[in-house]
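Read through the structure below, which is laid out as structure tokens, and then see the notes.
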Amino acid sequence: MNFKPYIFRYLLVGYAALLCLLIAPHAYALQAEEDALKAAFVYNFSLFTT
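Under the numbering used here, the first residue of the sequence shown is numbered 6, with each subsequent residue one higher.
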């Protein structure tokens with residue numbers, strides 16, 4: 006029963022790495038979409054004011 010904590014630790018690290026790999030593209034895509042929306046809003050605002 007001495008090997009069980011090591012397996013649990015490796016599973017936890019592997020799960021955390023997998024979670025990071027799954028979340029990172031989503032966060033990047035959301036940030037890009039938000040930047041695109043901001044740019045479109047600023048562009049429309051400048052069109053209306055000038």
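Where is the CB? At the ideal position from N, CA and C, for every residue including glycine.
These figures come from a predicted structure and were not determined experimentally.
Chain D within 8 Å of residue i, Cβ atoms only
i   : result
G19 : Checking the listed chains, one finds no chain D in this structure; it contains a single protein chain.
Cutoff 6 Å; reference residue i; Cβ partners in own chain excluding five residues on either side
i   : result
I28 : none
L24 : none
Contact set for residue i: own chain, Cβ-Cβ below 8 Å, skip 5 residues either direction
i   : result
E38 : none
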